[in-house]
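K.L.:
Could you have a look at this structure, given as structure tokens, before my questions?
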Amino acid sequence: MNIPSDSTGAALQVDRLILREIRLELREPFRISSGLMSARRIALLELFDATGARTWSECVAFQLPNYTSETIDTAWLAIREWLAPRILGRQFASPAEVHAVLEKNIRGHNMAKAAVEMGCWGLASVLRATPLSALLGGTRDRVPTGISLGIQPEPALLVQRAQAAVAAGYRKIKVKIQPGQDIEYVRAVRVALGDTVDIMADANSAYTLRDIEHLAQLDEFDLIMLEQPLGDDDLVGHATLQRRMTTPICLDESITSVDRAEDMITLQSGRIINIKPGRVGGLSASKAIHDVAQRAGMPVWCGGMLESGIERAYNVALASLPNFSLPGDLSPSARYWARDIVTPEWTMDGEGMVHVPVNRPGLGVTVDEDHIEAISVRREELRPARVVVGVA
Ligand code: OSB
Ligand code: MG
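Per the numbering used here: the sequence shown = residues 6 to 397.
Shown next as structure tokens:
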């Protein structure tokens, strides 16, 4: 069978895929309400097409299921057993077709699906010699970035970090909160930074509706949003909370697909969406969520997963779409790592803007393959199987 290619270039066919695991130490430990991270175990994919073109993608799943149910180990299994066999050796006219193929009769595993799907977008970008941002419909060459600050042992330490971040140019200060480390922390940051800085808080699902009056105290601080205060499956609870609060609620963990985004809009569970392509199953789903939010007049922004420079390339390209109208969690490489795995490393200018590589096809940065080789702890090569389970 020969599927015709679309007008912009050749059809896409992944003939070989290498899965790797690397270890990257964070420059400083990061605490959210559900746990502490001091190093990342990161799964990387290297995708090869029939013509010899290749690219890299990243799976953003963490080591533990404390943010979503996936982990690096469940993702590895899902990619090897169910997802890679779906696409290896198969021709796609466009990377936009990959998401549906990975979705059919495979529930969940969004971060695993995203790693495969995003790699296909990356490969298409190389094959068509088109920058990823252009391929996705991006319209901007610089995107504003914010910083996400982990929970600190005391408010004064958080204030120090927030002040340094404002001085560095960050456009948005996000502080992680949890019960017992919330109102006074946010108050201290607001008092120290003054009224003109955009501040927000992220609870990573640490509260329930029993805390509704407690959370409403945050309205005093004029936050640009409160991210994911309640459980990931609690769209109705978020709607109740949003009716009680003036602060806009932003959903992160709750938004796992375009259907959940539509539910949020219908139920009025919040007013802003954090899009992480890993959490929603890739770039096609991210674009679809971006589009439904835009039609509803709801701003979106690009979230972060303490990712390496490979995933960051995809995130920066995505954030160049027009309705990404709030600063993303797109901090420069040096915020996270002593040494990133791409060159040049991701940087931010003095105005808190990350530059979109609009003149380079593919990821727009060079993958440091020697460095990756040196820090790889696991490697597995996948090729088309003779019998593919579950594909009609
Ligand atoms: O909720 O956005 C989150 C980090 C770990 C787990 C969850 C989250 C985060 C962040 C980090 O906020 C953002 C970044 O990558 O800079
Ligand atoms: Mg969040």
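For glycine and all other residues, C-beta sits at the position ideal for the given N, C-alpha and C. Given the structure is predicted, the values throughout are model-derived calculations rather than measurements.
1. So is the beta-carbon of Tyr72 under 7 angstroms away from any non-hydrogen atom of the ligand OSB?
2. Does DSSP put Leu312 in a helix, a strand or coil?
3. Determine the closest residue to Glu356 out of Leu246, Ala48, Trp61 and Arg147, with distance taken between C-alpha atoms.
4. Does the segment 177-184 touch the segment 207-224, meaning 3 or more C-beta pairs lie closer than 8 angstroms?
5. What does DSSP give as the partner residues of Asn279 in its beta bridges?
6. I'd like to confirm something about Asp207: is its beta-carbon nearer than 7 angstroms to some heavy atom of the ligand MG, or not?
7. With a CB to CB cut of under 6 angstroms and the five nearest residues on each side skipped, what residues in its chain are close to Ile23?
8. Among residues of its own chain, excluding the 5 on either side of Arg25, which ones have a beta-carbon nearer than 6 angstroms to its beta-carbon?
9. Which residues in the same chain have their Cβ closer than 6 angstroms to the Cβ of Ser274, if we skip the five residues on either side of it in sequence?
10. Are Trp351 and Arg317 close, meaning C-beta to C-beta below 8 angstroms?
11. Would DSSP call Trp61 helix, strand or coil?
12. Could you give the residue range of the beta strand (DSSP E) that holds Lys179?
13. Restricting to runs no shorter than 3 residues, where is the beta strand (DSSP E) found entirely within the segment 305-386?
14. Can you tell me which residues form a DSSP beta bridge with Ala16?
15. Please confirm whether Pro362 and Pro149 have their CB atoms less than 8 angstroms apart.
16. Go ahead and pull the three-state DSSP assignment for Asp200.
17. Within the continuous beta strand (DSSP E) that includes Leu52, where are the two ends?
18. For the segment 238-296, list the alpha helix (DSSP H) runs that are entirely contained and at least 4 residues long, ordered along the chain.
19. Just curious, the beta strand (DSSP E) that Glu232 is in, first and last residue?
20. Between Ile47 and the ligand OSB, is the CB less than 7 angstroms from at least one heavy atom?
21. Quick check on Pro389: does DSSP put it in helix, strand or coil?
22. Counting pairs of beta carbons, one from the segment 314-328 and one from the segment 363-373, are three or more of them closer than 8 angstroms?
23. How would you call Arg388, buried or exposed, if buried means at least 16 neighbouring beta carbons within 10 angstroms?
24. Does the beta carbon of Glu316 fall short of 7 angstroms from some heavy atom of the ligand MG?
25. How would you call Thr251, buried or exposed, if buried means at least 16 neighbouring beta carbons within 10 angstroms?
26. Would you call Glu122 buried or exposed, if buried means 16 or more other Cβ atoms sit within 10 Å of its Cβ?
27. My understanding is that Trp342 touches Leu41, with C-beta atoms under 8 angstroms, so please give their C-beta distance in whole angstroms.
28. Regarding Asp232 and the ligand MG, is the C-beta to nearest heavy atom distance less than 7 angstroms?
29. How many Å lie between Asn328 and Leu220 at the Cα?
30. What do you reckon, is the C-beta of Gly367 under 7 angstroms from a heavy atom of the ligand MG?
P.N.:
On the basis of the supplied data:
1. Counted from its first residue, the sequence shown places residue 72 at position 67. Yes - the ligand OSB has a heavy atom lying nearer than 7 angstroms to the Cβ of Tyr72.
2. As a position in the sequence shown, residue 312 is number 307, starting the count at 1. Inspection of the sequence shows that residue 312 is occupied by Glu rather than by Leu. Secondary structure of Glu312 (DSSP, three-state): coil.
3. Along the sequence shown, read from residue 1 onward, the residue named residue 356 stands at position 351. Glu356 has its Cα closest to that of Arg147, out of Leu246, Ala48, Trp61 and Arg147.
4. Judged by Cβ distances under 8 angstroms, the segment 207-224 makes contact with the segment 177-184, as three or more pairs qualify.
5. Within the sequence shown, residue 279 is the residue found at index 274, counting from 1. BP columns for Asn279 point to Trp306.
6. Along the sequence shown, read from residue 1 onward, the residue named residue 207 stands at position 202. For the ligand MG, at least one heavy atom lies less than 7 angstroms from the Cβ of Asp207.
7. The residue labelled residue 23 in the question sits at position 18 within the sequence shown. Sequence-distant partners of Ile23 (beyond 5 residues in either direction) whose C-beta falls short of 6 angstroms from its own C-beta, in its chain, are Glu51 and Glu386.
8. Along the sequence shown, one-based indexing puts residue 25 at 20. Hits under 6 angstroms: Leu49, Ser381 and Arg384.
9. Here residue 274 refers to the residue found at position 269 of the sequence shown. Once the five neighbours on either side are set aside, the close Cβ partners of Ser274 are Leu240, His243 and Ala244.
10. Along the sequence shown, read from residue 1 onward, the residue named residue 351 stands at position 346. Along the sequence shown, read from residue 1 onward, the residue named residue 317 stands at position 312. Against a cut-off of 8 angstroms, the Cβ pair of Arg317 and Trp351 comes out as a contact.
11. Working through the sequence shown from its first residue, we reach residue 61 at position 56. Looking at Trp61 - three-state DSSP - the assignment turns out to be strand.
12. In the sequence shown, the residue the question calls residue 179 occupies position 174. For Lys179, the enclosing beta strand (DSSP E) covers residues Ile178 to Lys181.
13. The segment 305-386 contains these whole beta strand (DSSP E) runs: 305-307 and 358-360.
14. For the purposes of this step, residue 16 is identified with residue 11 of the sequence shown, where counting begins at 1. Ala16 is not bridged to any residue.
15. Residue mapping note: residue 362 aligns to position 357 of the sequence shown, counting from 1. Residue mapping note: residue 149 aligns to position 144 of the sequence shown, counting from 1. No, these two residues do not count as a Cβ contact at 8 angstroms.
16. Locating residue 200 in the sequence shown gives position 195, counting from the first residue. It is coil, neither helix nor strand.
17. On the sequence shown, position 47 is the one that residue 52 refers to. It spans Gly40 to Asp54 - the beta strand (DSSP E) in which Leu52 sits, taken as one unbroken run.
18. For the segment 238-296, whole alpha helix (DSSP H) runs of length 4 or above, ordered along the chain, are 240-249, 263-272 and 282-285.
19. Along the sequence shown, one-based indexing puts residue 232 at 227. Per DSSP, the unbroken beta strand (DSSP E) holding Glu232 starts and ends at Met230 to Glu232.
20. Taking the first residue of the sequence shown as 1, we reach residue 47 at position 42. Answer for Ile47: no, Cβ out of range of the ligand OSB.
21. What you label residue 389 is simply residue 384 of the sequence shown in a count that begins at 1. Coil.
22. Touching, per the Cβ criterion.
23. Looking up residue 388 in the sequence shown gives position 383. Only exposed fits Arg388, as fewer than 16 other CB atoms lie within 10 angstroms of its CB.
24. The sequence position of residue 316 within the sequence shown is 311, counting from 1. Result no, Cβ not under 7 angstroms from the ligand MG.
25. Within the sequence shown, the letter at position 246 stands for residue 251. By the 10 Å Cβ count, Thr251 comes out exposed.
26. As a working mapping, residue 122 is identified with position 117 in the sequence shown. Glu122 comes out buried.
27. Taking the sequence shown and counting its residues from 1, the one referred to as residue 342 is at position 337. Taking the sequence shown and counting its residues from 1, the one referred to as residue 41 is at position 36. The Cβ separation is near 17 angstroms, so there is no contact.
28. Taking the first residue of the sequence shown as 1, we reach residue 232 at position 227. Per the sequence shown, the amino acid found at residue 232 is Glu instead of Asp. Indeed, a heavy atom of the ligand MG lies less than 7 angstroms from the Cβ.
29. Taking the sequence shown and counting its residues from 1, one reaches residue 328 at position 323. Taking the sequence shown and counting its residues from 1, one reaches residue 220 at position 215. In this structure, the CA atom of Asn328 is about 28 angstroms from the CA atom of Leu220.
30. Residue numbering aside, residue 367 sits at position 362 when the sequence shown is read from its first letter. Not one heavy atom of the ligand MG falls within 7 angstroms of the beta-carbon of Gly367.
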